[in-house]
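In my numbering, the protein residues as written are 135 to 242.
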């Protein structure tokens, strides 16, 4: 039974709202992929240079990979909507900072 003139309708989801959600999800996954790949590259640069004598160029590339991973994790945290998406980005950035400290210790 519907009375005339008293129907209250809730907000209908718009197409742009669902599109922005998908764009945000794709950006989040892309930044995470870049961060993980660059972080693994940096970690390998930090720990695989113990066997060689000429390791400074490898470590410099590791520092650049840390910078890319650190930025990617922060951009992933910025593109997340809630704390469930932001917290892993900050934790990933802290892990990258630990790897960076290992690389800088090896450069001394």
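For every residue, glycine included, the Cβ atom is placed at its ideal position computed from N, Cα and C. Computed from a prediction, not measured in an experiment: that's the story for all the values here.
- Boundaries of the alpha helix (DSSP H) harbouring residue 190: 190-213, taken from the DSSP string.
- Closest in C-alpha terms to residue 212, from the list 145, 236, 166, comes 166.
- Residues 207, 210, 211 of the same chain have their beta carbon placed closer than 6 Å to that of residue 223, with the five preceding and five following residues left out of the count.
- Taking all protein chains shown into account, residue 237 has 16 or more neighbouring C-beta atoms within 10 Å of its C-beta and is therefore buried.
- For residue 241, the secondary structure class from DSSP, reduced to helix, strand or coil, is helix.
- With contacts defined as CB atoms closer than 7 Å, residue 177 and residue 204 fail to qualify as a contacting pair.
- Each residue's CA atom was taken as its position, placing residue 155 and residue 219 some 13 Å apart.
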